[in-house]
Structure formats: structure tokens, C-alpha cells
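In the numbering used here, the protein residues as written are 1086 to 1321.
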Amino acid sequence: MMNCIIVDDEPIACRGMKRMVGNHPRLHLLAALDSAEAALDFLADNPVDLLFLDIQMPGLTGMELACRLPEKTMVIFTTAYSDYAVESYAVDAVGYLLKPIDPELFEKAVSKAEDYSALLAREMADADSARPSRDYIIVKADRRFHRVPYRDILYIEGLKDYVILHLADGRRMVTRMTVKGMEEILPDGEFLRISKSSIVNLGAIDSFDNNDVFIGDAEIAIGLSYRDAVMGRLLG
């Protein structure tokens, strides 16, 4: 069962989509929202597997919303326009349905989302089982997967729904992931989260004080709520 929401500012289209989703045995509809802004607020407090997302809406567009979603949240676009099909691939949408939506194509899109969800779950399980013996992380950036050794990561900086990996050779690698998500897959013995938006490689730290960690020329602030735990770890 996949938790999903509908985001569409057209009442008639939204009612039709609610019927299709509500009648589907493997979908659980959490909400039907009329704007991308309302969807962002909802997503901040609720885990959602799949969005049925209109593209042309007042204010924040569906395409702009798709760029700000967590990596694990899938999108099926529902639109009256075929012009955005190519752009949908750029945000890794699992489906692109033209209104009025054909039930058979709807089912195919949902099945594709289920397959993708199952694949992602297997990959995460494999990563969890392999983590103790791995010395690298797989990062998706620039539409490619990169193998980045832990030792090459100096620190990680969060930026909304993306993180920036600052590497030892001076490069910066941007990938769509939250700081919390990155924290969960990095080895705890080698990395330490020092604020809401920063993770540092313990082996790369040159010096520190009560307020900052220094790595090369970078001065990385320690979050107030993290200070006691960070100082205890660094001085321990």
C-alpha cells in the first residue's frame, strides 16, 4: 500500500482523480490539495510515497514542486498539456498522464511506481547490509552515480532538499537528499552531525572551539542544540 496525495487546482479534475485513487486497492489517499504550497506544508509533517501532481498551477508550479521533493517521494504528473513530457524526465517522474486520464494508463503508471518503490527498498536493504564493510558512498549527481570514498568527504552542507559534499580535491558535489538522510547512511564512527545543516568528517577536522569546527579554510558553525553532544564527542 502506497500513501499518496493529489495536488491539483482544478476541482473537476481533482474529483475525478480522487475517485480513481480511492478505488485503487493498493493506494491510500492521504489528502487532495489545491496548490503546491499546501503540498509542501503537508509533506513537512507527513511521509508520502507518491504524488499525483498537476503542472500548471498558480504560484509554485508542479514542476517546481517536483524539484523540491525528498528523493524517496515519487511523482506521477497529471496534466492537460503534453509540452512538459521531456521536463518530467529531468525530475525523474515515474509517470506522465494526460487529462482526461485513461484508466489503463493510470494503472500502468501506478504499477511502475510500485516497481520503483520495491527496487528502492531492496537497494536500501542492500546498502544497510553492506555498510560495515564499505568505505564509500554512492551519490547521484549530474544524472550519474558516483562512488565517493568516505575519506574524500571533508564536510557536508545542507541546502533545502539538497546536500553539498565538499571533497578533499576541492570539488563540490550536489545531490538531492536531506541532511538527515545523509546522516543515516554515513558511518557514525567517521562522521558527526554538528548542526541542522552540517555534517563533518571527524578525521578531517583541523581544530575546533565552542562555536565552530575548522577544516582547511572552512569554518563550520556548531548548532546551539548540538553543542554539548559535539563537544563531548570531540573532547572524548
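For each residue, glycine too, the CB sits at the ideal point set by N, CA and C.
Could you check whether V1259 and L1249 sit closer than 7 Å to each other, using their CB atoms as the reference points?
For the purposes of this step, residue 1249 is taken as the residue at position 164 of the sequence shown. For the purposes of this step, residue 1259 is taken as the residue at position 174 of the sequence shown. Here the sequence assigns Ile to residue 1249, which means Leu is not the residue at that position. Taking 7 Å as the Cβ cut-off, I1249 and V1259 qualify as a contacting pair.
Note down the Cα distance separating T1263 from G1308, rounded to an integer number of angstroms.
Locating residue 1263 in the sequence shown gives position 178, where the first residue counts as 1. Locating residue 1308 in the sequence shown gives position 223, where the first residue counts as 1. Rounded to whole angstroms, T1263 to G1308 spans 17 Å at the Cα level.
Quick one: grab the DSSP three-state call for D1126.
Residue mapping note: residue 1126 aligns to position 41 of the sequence shown, counting from 1. DSSP places D1126 in helix when its eight states are reduced to three.
Looking at D1273 and A1253, is the spacing between their C-beta atoms short of 7 Å?
For the purposes of this step, residue 1253 is identified with residue 168 of the sequence shown, where counting begins at 1. For the purposes of this step, residue 1273 is identified with residue 188 of the sequence shown, where counting begins at 1. The answer is no: Cβ separation not under 7 Å.
Enumerate in chain order the residues of its own chain whose CB-to-CB distance from D1094 is below 8 Å, with the five nearest sequence positions on each side excluded.
The sequence position of residue 1094 within the sequence shown is 9, counting from 1. Counting only Cβ-Cβ distances below 8 Å, and skipping sequence neighbours, we find D1119, S1120, D1139, M1142 and P1143.
What whole-angstrom Cβ distance do A1117 and A1151 have, given they're in contact under 8 Å?
For this step, residue 1117 is matched to residue 32 along the sequence shown. For this step, residue 1151 is matched to residue 66 along the sequence shown. So it is not a contact: roughly 18 Å between Cβ atoms.
How far does the alpha helix (DSSP H) with V1264 in it extend, from its first residue to its last?
One-based indexing of the sequence shown puts residue 1264 at position 179. Its alpha helix (DSSP H) spans residues V1264 to I1270.
Run of the beta strand (DSSP E) containing V1092, from where it starts to where it stops:
Within the sequence shown, numbered from 1, the residue matching residue 1092 stands at position 7. Looking at the DSSP string, the run of the beta strand (DSSP E) that includes V1092 is M1087 to V1092.
Take the Cβ of L1287 as the centre, count every other Cβ of all protein chains shown within 10 Å, and call the residue buried at 16 or more, exposed below.
Taking the first residue of the sequence shown as position 1, residue 1287 is located at position 202. L1287 comes out exposed.
Distance, A1198 Cα to L1205 Cα
Residue mapping note: residue 1205 aligns to position 120 of the sequence shown, counting from 1. Residue mapping note: residue 1198 aligns to position 113 of the sequence shown, counting from 1. Distance between the alpha carbons of L1205 and A1198: 10 Å.
Hey, is N1131 close to the ligand ZN, as in C-beta under 6 Å from one of its heavy atoms?
As far as ligands go, the structure on display features none, and thus does not contain the ligand ZN.
Does DSSP put A1303 in a helix, in a strand, or in coil?
Position 218 of the sequence shown, counted from the first residue, corresponds to residue 1303. The answer is strand: DSSP assigns A1303 an E or B state.
Between the segment 1220-1232 and the segment 1099-1117, can you find at least three pairs of beta-carbon atoms closer than 8 Å?
no
Runs of 3 residues minimum, wholly inside the segment 1229-1261: which ones carry the beta strand (DSSP E) assignment?
1229-1234, 1238-1244, 1247-1252 and 1257-1260
Could you compute how far the alpha carbon of Y1201 sits from the alpha carbon of M1148?
The sequence position of residue 1201 within the sequence shown is 116, counting from 1. The sequence position of residue 1148 within the sequence shown is 63, counting from 1. Rounded to the nearest angstrom, the two C-alpha atoms are 20 Å apart.
Checking the sheet assignment: what are the DSSP bridge partners for G1180?
Counting from 1 along the sequence shown, the entry for residue 1180 is found at position 95. Paired residues: I1161.
CA-to-CA distance, L1135 to K1193, given in whole angstroms:
In the sequence shown, counting from the first residue as 1, residue 1193 sits at position 108. In the sequence shown, counting from the first residue as 1, residue 1135 sits at position 50. K1193 and L1135: Cα-Cα distance of roughly 14 Å.
Is A1165 closer than 7 Å to K1184 when the C-beta atoms are compared?
Looking up residue 1184 in the sequence shown gives position 99. Looking up residue 1165 in the sequence shown gives position 80. It is a contact, given that the beta carbons lie within the stated cut-off.
Beta-carbon contacts of E1156 that lie in its chain and below 6 Å, excluding the five residues immediately before and after
By one-based count along the sequence shown, residue 1156 stands at place 71. R1261 and M1262.
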